[in-house]
Every structure is written in C-alpha cells, then in structure tokens.
Amino acid sequence: MSKNCILCQIVSGTIPSYKIYEDDLIIVILDVNGANPGHCFIMPKEHYPIIEQVPDNVLGSIFTAANKISSAIFETLKVQGTNIFVRNGIPAGQTVAHFMINVIPRTEGDGVNLQWEPKQMSEEEVFTIELKLKEQIKNTGVVSAQPVQSAEPLAKPASHPPIEDDEDDYFMNQLRRIP
Amino acid sequence: MAEQQQMSEEQAKELQEKIKNMSPEELKEFQKKQCIFCQIISGNVQSKKVYEDEKALAILDINPANPGHILIMPKEHYSIMPQIPEHEVVHIFNVVKMLSNASLRALEVQGSNIIVANGVAAGQKAQHFMVHLIPRKEGDNVDFDVPQKTIPEEKLEEVKQLLAKALGTKVEQQTPQNNQPLPQSQQLTTPKQEVVEAEFEEPVKDIEKELEELEVKEEKPKKKVPKKPKAKKKEPKEKEQEPKSGANLDDIANILGVK
Chain A
38 MSKNCILCQI
48 VSGTIPSYKI
58 YEDDLIIVIL
68 DVNGANPGHC
78 FIMPKEHYPI
88 IEQVPDNVLG
98 SIFTAANKIS
108 SAIFETLKVQ
118 GTNIFVRNGI
128 PAGQTVAHFM
138 INVIPRTEGD
148 GVNLQWEPKQ
158 MSEEEVFTIE
168 LKLKEQIKNT
178 GVVSAQPVQS
188 AEPLAKPASH
198 PPIEDDEDDY
208 FMNQLRRIP
Chain B
5 MAEQQQMSEE
15 QAKELQEKIK
25 NMSPEELKEF
35 QKKQCIFCQI
45 ISGNVQSKKV
55 YEDEKALAIL
65 DINPANPGHI
75 LIMPKEHYSI
85 MPQIPEHEVV
95 HIFNVVKMLS
105 NASLRALEVQ
115 GSNIIVANGV
125 AAGQKAQHFM
135 VHLIPRKEGD
145 NVDFDVPQKT
155 IPEEKLEEVK
165 QLLAKALGTK
175 VEQQTPQNNQ
185 PLPQSQQLTT
195 PKQEVVEAEF
205 EEPVKDIEKE
215 LEELEVKEEK
225 PKKKVPKKPK
235 AKKKEPKEKE
245 QEPKSGANLD
255 DIANILGVK
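Chains A and B, in that order, give the protein sequences. Counted the way my numbering counts, the first sequence spans residues 38 to 216. Counted the way my numbering counts, the second sequence spans residues 5 to 263.
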C-alpha cells in the first residue's frame with residue numbers, strides 16, 4: 038500500500054466509496070463523477086502504478102471482472118453499450134499512480150468520445166514500426182506464451198455456455214445485426 | 005460487403021427473415037463468413053501481424069490514432085466481450101499487457117490507452133471483438149473525452165444496489181465502511197479461479213526475471229524493476245520529470261506519483 042495514494046485509501050476503507058464488488062485481489066467502485074451512472078473503476082488492491090507491473094493473475098481478475106460487470110450493466114441499466122477504457126501513463130491521461138480501468142455504460146449522445154482521427158502514415162513508416170515491434174516482442178514477448186498453455190487445461194471445466202438463445206436479447210440483437 | 009449494399013429491398017428482407025430463423029450456431033457461422041477480421045485471421049486478407057499465438061492475433065490498425073496502434077483479437081469469432089470464455093479474456097489482456105510493454109520499449113512512447121467498445125453506442129464498428137492498444141506520447145493530438153458528471157447520491161446508491169445484486173455482492177444499505185473480503189462463496193470469480201492463479205504463478209515470476217534480465221541486457225545502469233512496486237516511494241523532486249525516450253518502466257511509474 039502506498040501512503041499517499043488515494044486509491045489505496047479507498048481499498049483500505051479509509052476513504053468511503055460506493056463499492057460494488059470486492060475479493061482478495063481487486064475492488065470495484067462506482068465513479069461518483071462518472072460519465073454515466075454505473076461508470077465504475079476496477080483496481081487491484083495492491084498498489085501497481087502501471088499495467089506493465091500488474092501480475093498476470095491480477096490482471097486476469099481485473100478484466101474477468103470487467104467482463105462480468107459489463108454484462109451486469111447491460112442487464113440492469115438497460116444501456117446500449119459499454120466501453121472499457123484504460124489510461125496507462127501520463128500522456129495517456131492517467132492522473133493517479135494506481136493502475137485502474139474504467140467500465141463505462143454508454144447511451145447515444147452521452148458526450149463520451151473515444152474516437153480518433155486516423156493519422157496518415159507512409160508505407161515506410163508503417164514498415165519501420167512493424168519491424169521495431171516485432172523485434173521487441175521477440176525479446177520480451179515470451180511472457181504471453183505461458184497463458185496460452187495454462188489456458189488450455191481450463192478449457193474443459195470452464196464449459197462456458199455457447200451463445201444461448203434466451204441468455205440476453207442484447208447478444209441476439211448483436212448477432213442479428215446485418216453487417 | 006459491397007454486394008450487400010446493392011441488395012434490393014426484397015433481398016434484404018429475405019435475408020433478415022433468414023437471419024431471424026437461424027439458430028445461434030448458424031448465426032455465428034454466418035457472421036464469421038461476413039467478418040473481415042476472420043478473413044485476416046485465416047490469412048485470406050492481408051494484414052501487418054505483429055504477434056500471433058494459438059488463441060490471439062495482434063495486427064497494426066490501418067487507421068491508427070497513433071503510430072503503433074495495435075488491434076488485439078481472439079482468433080475465434082465473438083462479437084462482444086460477454087460472449088468470450090473467461091480464460092480467453094484473461095489471455096487476451098495479458099497479450100495486451102505484453103504488447104503495451106513492447107511498445108513502450110520499442111516506440112519511444114510513454115504510455116498507452118486501451119479501449120474496448122461493446123455495442124454500436126459504444127463506438128463498436130467491427131463485428132469481431134477486439135481491443136485497441138494506442139501508444140501515447142505528449143503532444144500527439146489524440147484526445148479522448150470522458151466527461152465527468154455529478155451523479156446524484158440517490159442515483160449512485162440505486163446503481164450500487166442494482167450492480168452489486170447482479171454481481172452477487174452483498175452490500176449494506178449505505179455506502180459500506182467495512183472492507184472485509186467477501187466469503188469465497190460470494191466471490192465473483194468461480195472456484196476455478198484458484199486454478200488460474202496456480203497456473204499463473206510461474207509466468208509471474210518469469211516476468212520479473214524477464215524484466216530484470218532485460219535491464220541487464222540493455223545495460224541501463226538504473227534500478228531494476230522492483231519485486232514489489234508498492235514499496236517504491238516517489239520523491240517530490242521527481243514531480244515534473246519527463247520520462248526519457250523509450251521505456252524505463254520505473255521512470256514511467258515514478259512520474260505518475262505526482263498528482
């Protein structure tokens with residue numbers, strides 16, 4: 038825990054919050070100044086400033102929770118969409134040095150803008166970027182080879198229902214959308 | 005896709021009727037055939053692949069917000085996140101983390117935004133679930149807007165009750181002060197979570213080792229990535245310090261301590 042970190046104080050309960058979920062690794066609270074009602078923050082209890090420092094299992098819990106909360110938002114708040122939005126590092130808009138992610142319920146015309154103007158790049162620039170990334174991934178990307186293997190044994194007990202007809206209208210609506 | 009636009013109204017109606025009568029499996033098959041990203045995954049459509057494993061593929065976005073903008077997607081066709089099995093969600097975001105780390109190091113950026121859109125209202129354009137990873141540096145003219153609204157207390161309380169109930173969390177009527185973790189039975193993560201944690205223990209160590217080795221390899225005479233980042237205190241003098249080009253995770257983490 039970091040003494041000066043406001044989120045650590047929320048985790049410890051020193052600062053009250055609208056907590057909607059908690060387990061050993063993570064905590065989920067409502068943003069009191071959210072973009073929409075139901076906008077929440079999911080954060081690790083442990084103090085990690087940026088995503089690169091969050092251990093795989095904790096990160097897994099965070100995004101598993103994001104997925105479930107996203108579903109819960111669809112079911113209970115009757116919204117038309119959700120965003121997961123992460124600001125990692127100051128240029129990305131991060132303001133508190135405790136990694137967290139936003140789950141944002143979305144409705145038409147709610148003022149949230151996560152779109153961008155595409156940047157024009159020459160083929161050469163793209164090629165350079167591709168090369169640099171691949172080279173780096175060759176050196177540091179070993180990390181991710183593991184989860185694939187460990188994900189395998191889980192596949193059978195997981196037995197996730199495929200897409201059930203009556204599960205949620207939203208899913209079916211999505212599927213029925215004409216591309 | 006082009007031929008779809010040329011469809012007559014009648015054909016469109018017919019297609020709609022056909023879609024309505026499909027079973028979920030048939031629908032998924034149908035969508036797969038229409039999905040440009042499934043064709044990228046199968047190799048029928050060309051792309052700039054930067055990473056691939058048996059479950060996930062990462063390519064460069066052809067309309068990037070910034071150079072190095074990466075799309076990470078499951079190889080299996082899912083249109084929105086709630087359809088994806090838990091272990092695949094976990095894997096995808098660990099790939100995202102690895103790629104974020106790689107772009108910090110390779111592209112001389114100092115941060116990243118991660119964006120997922122579920123549903124058209126959220127800005128989803130493709131029918132294939134994907135995660136956007138956008139490298140960020142100062143003055144890159146990327147501007148995402150998440151307005152801050154004042155949400156009335158009653159509304160917050162109401163939403164809290166609704167969501168907590170949907171998640172199976174027990175909460176008191178008022179904003180709770182107690183911070184006892186929920187009993188195992190109430191936890192959102194299913195018991196197989198334990199398996200996940202156990203499975204992941206090794207990789208976690210590996211990362212730390214990996215990072216440390218990397219520091220050595222790069223011959224940065226700087227601090228190693230600490231075992232426990234929480235123990236690290238940011239000193240006030242580091243307040244406005246800008247991260248150096250490229251990526252030292254410590255620096256990036258440290259300057260965050262500011263606000």
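Just so it is clear, CB atoms sit at the ideal spot from N, CA and C, and this is done for glycine as well.
query: Best match in B/L171, B/G172, B/E161 and B/K59 for proximity to A/L67 [C-alpha to C-alpha]; result: B/E161
query: Below-9 angstroms beta-carbon distance, A/M80 vs any chain B residue; result: no
query: Simplified DSSP assignment, three categories, for B/K224; result: Reliability fails at B/K224, whose pLDDT of 40 lies under 50, so the model's placement of it is uncertain and the value that follows must be treated cautiously. DSSP places B/K224 in coil when its eight states are reduced to three.
query: Beta-carbon spacing of A/I99, A/N125 below 9 angstroms; result: no
query: Chain A contact for B/Q43 (CB, 9 angstroms cutoff); result: no
query: Closest by C-alpha distance to B/P68, when choosing among A/W153, A/F78, A/A72 and A/V149; result: A/W153
query: Through-space distance from A/V149 to B/K153, alpha-carbon basis; result: 11 angstroms
query: Contact set between the region 69-81 of chain B and chain A, restricted to residues whose Cβ is under 9 angstroms from the partner; result: A69, N70, P71, G72, H73 and I74
query: Beta-ladder partner(s) of B/L111, from DSSP; result: Note: B/L111 sits in no beta bridge, so no partner.
query: Straight-line Cα distance separating A/T101 from B/E90; result: 6 angstroms
query: B/K79 to A/K156 span [Cα, whole Å]; result: 27 angstroms
query: Simplified DSSP state of A/F78, which is helix, strand or coil; result: strand
query: Residues, ordered as in the chain, of the region 54-66 of chain B that lie near chain A by beta-carbon distance below 9 angstroms; result: V54, Y55, D57, E58, K59, A60, A62, L64, D65 and I66
query: Outcome for A/I52 when other beta-carbon atoms lying within 10 angstroms are tallied against a minimum of 16; result: exposed
query: Option in B/H132, B/V93 and B/N70 with minimal Cα separation from B/S107; result: B/N70
query: Test item: CB-CB of A/I79 and A/I43 under 9 angstroms; result: no
query: At least three beta-carbon pairs within less than 8 angstroms, the region 50-58 of chain B to the region 130-146 of chain B; result: no
query: Positions along the region 150-168 of chain A whose CB lies within less than 8 angstroms of some CB in chain B; result: N150, L151, Q152, W153, E154, P155, K156, M158, E162, V163, I166 and E167
query: Contacts that A/I52 makes with chain B (C-beta to C-beta distance below 7 angstroms); result: Under the 7 angstroms cutoff, chain B gives no residues; its nearest Cβ is about 10 angstroms from A/I52.
query: A/G118 classed as buried or exposed, judged by whether at least 16 other C-beta atoms fall within 10 angstroms; result: buried
query: Cβ contact check for the region 25-42 of chain B and the region 105-124 of chain B: 3 or more pairs under 8 angstroms; result: no
query: Assigned secondary structure, A/F100 (DSSP; H/G/I helix, E/B strand, else coil); result: helix
query: Min CB distance B/M85 to chain A below 9 angstroms; result: yes
query: Option nearest A/G130 by Cα separation, candidates B/S116, B/H136 and B/N48; result: B/S116
query: Short Cβ contact (9 angstroms threshold) for A/L96 with B/K101; result: yes
query: Closer than 9 angstroms to chain A by CB, B/E161; result: yes
query: Inter-residue CB distance, A/I106 and B/L111 (contact presumed, cutoff 8 angstroms); result: Actually they do not touch by this definition, with Cβ atoms about 31 angstroms apart.
query: Contacting positions in the region 83-97 of chain A - beta carbon closer than 8 angstroms to chain B; result: E83, H84, Y85, P86, I87, I88, E89, Q90, V91, P92, D93, N94, L96 and G97
query: Distance, B/N98 Cα to A/V140 Cα; result: 18 angstroms
query: Straight-line gap, A/R143 to B/Q50 (C-alpha atoms, nearest Å); result: 33 angstroms
query: Closer than 9 angstroms to chain B by CB, A/L114; result: yes
query: Short CB-CB distance (under 9 angstroms) between A/L44 and chain B; result: no
query: Among B/S46, B/I155 and B/Q165, the one whose alpha carbon lies nearest that of B/H81; result: B/S46
query: Those residues which DSSP pairs with B/M77 across a bridge; result: B/L61
query: Counted within 10 angstroms of its Cβ, other Cβ atoms place B/P139 as buried (16 or more) or exposed; result: buried
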